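A.B. asks: Note that the protein sequences, when read in sequence, are chains A and B.
Each residue of the first sequence is one higher than the one before, starting from 125 at the first, in this note's numbering.
Each residue of the second sequence is one higher than the one before, starting from 125 at the first, in this note's numbering.
Protein chains: 2
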Amino acid sequence: MSDAYTRVPSVLTHRLPRPVPADELAACPVGEVFRRMGDKWSMLLVVLLGSGPHRYGELHRAVEGISQRMLTRTLRGLETDGLVWREVHPTTPPAVEYGLTPLGLTLLEPLSALADWAVRHEAEIGEARSRHGGTRTPR
Amino acid sequence: MSDAYTRVPSVLTHRLPRPVPADELAACPVGEVFRRMGDKWSMLLVVLLGSGPHRYGELHRAVEGISQRMLTRTLRGLETDGLVWREVHPTTPPAVEYGLTPLGLTLLEPLSALADWAVRHEAEIGEARSRHGGTRTPR
DNA sequence: CAGAATCCCCACAGATACTG
DNA sequence: CAGTATCTGTGGGGATTCTG
Chain A
125 MSDAYTRVPS VLTHRLPRPV PADELAACPV GEVFRRMGDK WSMLLVVLLG
175 SGPHRYGELH RAVEGISQRM LTRTLRGLET DGLVWREVHP TTPPAVEYGL
225 TPLGLTLLEP LSALADWAVR HEAEIGEARS RHGGTRTPR
Chain B
125 MSDAYTRVPS VLTHRLPRPV PADELAACPV GEVFRRMGDK WSMLLVVLLG
175 SGPHRYGELH RAVEGISQRM LTRTLRGLET DGLVWREVHP TTPPAVEYGL
225 TPLGLTLLEP LSALADWAVR HEAEIGEARS RHGGTRTPR
């Protein structure tokens with residue numbers, strides 16, 4: 125209320141004419157994508173399926189650490205979003221294949237870009253973390 | 125164990141010589157990055173800060189929907205990973221600025237690539253979802 | 001202004017057991 | 001083989017209140 129509130133460094137004056145429409149971003153598909161891929165397994169499965177279709181058991185063994193429940197749920201989620209297809213072969217015993225749809229394949233590219241970034245800057249993140257973890261206990 | 129288990133379609137024979145080392149991927153930095161960015165707000169804040177440094181209150185208003193708790197926690201997390209810097213100006217009242225570090229700026233690029241993908245394929249995902257939601261109630 | 005502290009909730013991960 | 005069913009725990013995240 126008083127003029128004390130105006131006593132801020134001039135460098136802080138730097139701001140955008142329009143502070144960026146954040147709600148647009150929040151409601152925008154970008155958030156959706158990260159919500160879908162941000163879980164523990166989705167991205168991993170997309171990358172695995174990027175090498176070609178695979179059967180349920182193959183994926184289960186390949187990921188190794190994922191529960192059947194999570195494997196099924198994650199694949200179903202990806203299928204719902206049209207990123208993965210699912211085909212049941214009525215054999216005995218049943219065989220089910222999963223693979224990337226054309227849409228899923230297009231996702232593979234930007235995903236790889238991010239993966240590359242992660243690999244390239246892994247060390248820097250580690251350093252930064254230990255720096256903060258060493259001087260100040262987080263949490 | 126019986127030969128009934130061999131009675132699978134020949135198309136399923138298609139598999140990789142080496143089923144892809146998934147544990148490597150699971151333990152690899154890619155997972156870490158997605159864990160950091162995959163939460164509800166991190167990516168959004170990185171994009172916002174991509175337009176330049178901003179103050180706490182600006183961010184709070186810009187995101188609009190985020191609680192103070194989450195804003196602080198998310199910024200701290202990004203700071204810990206060396207993606208965001210934080211500068212306190214000892215004024216009255218205090219003013220705190222947040223901005224992207226050089227490392228954070230490099231992340232902005234692959235992030236944008238993924239964002240572009242999301243925007244471009246938003247409609248397709250929506251269609252796929254309604255397709256599955258219409259014929260088969262998920263969950 | 002920029003937070004720290006506290007309480008609470010529920011969505012979702014994980015393990016286990018069972019089935020067509 | 002490829003799931004479903006069920007239970008349980010963890011913690012992400014929201015609302016509120018208080019403070020330097």
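All C-beta atoms, glycine included, are put in the ideal place defined by N, C-alpha and C.
The model shown is predicted, which means the values in this text are computed figures rather than measured ones.
Under 8 Å Cβ-Cβ, which residues of chain B neighbour Leu231 (chain A)?
C.D. replies: Correct list: Trp241, His245.
A.B. asks: If contact means a Cβ-Cβ distance below 7 Å, which residues of the segment 211 to 228 of chain A contact chain B?
C.D. replies: Answer in chain order: His213, Thr215, Thr216, Pro217, Ala219, Glu221, Leu227.
A.B. asks: What number of angstroms, rounded off, separates the C-alpha of Arg179 (chain B) from the C-alpha of Gly174 (chain A)?
C.D. replies: Distance between the alpha carbons of Arg179 (chain B) and Gly174 (chain A) is about 41 Å.
A.B. asks: Which stretch, first to last residue, makes up the alpha helix (DSSP H) that contains Trp165 (chain B)?
C.D. replies: Segment: none, Trp165 (chain B) is in no alpha helix (DSSP H) and carries neither H nor E.
A.B. asks: Let me see if you follow: with CB-CB separation under 8 Å, is Arg253 (chain B) close to chain A or not?
C.D. replies: Cβ-Cβ to chain A under 8 Å: yes for Arg253 (chain B).
A.B. asks: By the criterion of Cβ-Cβ separation under 8 Å, what are the contact partners of Gly206 (chain B) in chain A?
C.D. replies: Here the neighbours are Glu248, Ile249, Glu251, Ala252, Arg253, Arg255.
A.B. asks: So if I threshold CB-CB distances at 8 Å, which residues from the segment 161 to 191 of chain A count as touching chain B?
C.D. replies: So the list reads Met161, Gly162, Asp163, Lys164, Met167, Leu168, Val171, Leu172, Ser175, Gly176, Pro177, His178, Arg179, Glu182, Arg185, Ala186, Val187, Glu188, Gly189, given in the order they occur along the chain.
A.B. asks: Anything in chain B within Cβ reach of Leu238 (chain A), meaning under 9 Å, just list it in chain order.
C.D. replies: In chain order: Val154, Val157, Phe158, Met161, Leu231, Pro234, Leu235, Ala237, Leu238.
A.B. asks: I'd like to know whether the C-beta atoms of Leu238 (chain B) and Val157 (chain A) end up nearer to each other than 8 Å.
C.D. replies: Closer than 8 Å, so yes.
A.B. asks: Could you give the distance in angstroms between the alpha-carbon of Val220 (chain A) and the alpha-carbon of Arg200 (chain B)?
C.D. replies: Taking the straight line from one Cα to the other gives about 44 Å.
A.B. asks: Would you grab the beta carbon distance between Arg159 (chain A) and Asp205 (chain A) for me? Rounded to a whole angstrom, and I think it's under 8 Å.
C.D. replies: No, Arg159 (chain A) and Asp205 (chain A) are not in contact; Cβ-Cβ is about 10 Å, not under 8 Å.
A.B. asks: As a quick exercise: from B:Thr196, B:Glu182, B:Tyr222, B:Leu231, pick the residue whose alpha carbon is nearest that of Val243 (chain A).
C.D. replies: Measuring from the Cα of Val243 (chain A), the nearest candidate turns out to be B:Leu231.
A.B. asks: For Gly250 (chain A), which residues from the same chain have a beta carbon less than 7 Å from its beta carbon, with the 5 sequence-adjacent residues on both sides left out?
C.D. replies: None.
A.B. asks: Do you know whose CA, among A:Glu248, A:Tyr222, A:Glu246, A:Pro226, lies nearest His184 (chain A)'s CA?
C.D. replies: Nearest of A:Glu248, A:Tyr222, A:Glu246, A:Pro226 to His184 (chain A), Cα basis: A:Tyr222.
A.B. asks: So, helix, strand or coil for Asp147 (chain B), using DSSP?
C.D. replies: No answer about Asp147 (chain B) holds up, because its pLDDT of 48 lies below 50 and its placement is not dependable.
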